[in-house]
Amino acid sequence: MAEELKVFGFRVGDLTGDCEVWPDNWPAFTVFEAMGTQWRVGACGATGLDYGVLPSVIRMCGVPASSRQSIFSDIRQMEAEVLAVMAEQRDNK
2 MAEELKVFGF
12 RVGDLTGDCE
22 VWPDNWPAFT
32 VFEAMGTQWR
42 VGACGATGLD
52 YGVLPSVIRM
62 CGVPASSRQS
72 IFSDIRQMEA
82 EVLAVMAEQR
92 DNK
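If you read the sequence shown in the working numbering, its first letter stands for residue 2, the second for the next number, and so on.
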């Protein structure tokens, strides 16, 4: 659990209750969560998600073809935010 929270820039205790995901965001969240083991990592840490597996993950998560472009955009926004949080954490060490 601690490692999963760390990926998103949280520590155990930062989240004190339920965290809601709006229904409109649920498909993107589901795909992003499923991509949790698909981070590319370099010498300074994560550099981004491995987009090579993203089409398969999106299909396995049941996202309709008509929604995949929108989901990809949402995933990129979440990825950018996570990378920014990770960079901030590296800079604060």
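Every residue gets a Cβ at the ideal spot worked out from N, C-alpha and C, and that includes glycine.
Whole-number beta carbon distance between residue j and residue i, since they are thought to touch under 8 Å
i	j	result
Leu55	Met36	7 Å
Residue i burial status per 10 Å Cβ neighbour count (16 or more: buried)
i	result
Met87	buried
Ala3	exposed
Ala81	exposed
Ala85	exposed
As assigned by DSSP and simplified to three states, the class of residue i
i	result
Gly37	helix
Ala47	strand
Val54	coil
Val42	strand
Phe11	coil
Delimiting residues of the alpha helix (DSSP H) encompassing residue i
i	result
Val86	69-92
Ala3	3-8
The stretch 15-25 / the stretch 62-75 touching (three or more Cβ pairs under 8 Å): In this structure the stretch 15-25 does not touch the stretch 62-75; the number of beta carbon pairs closer than 8 Å is below three.
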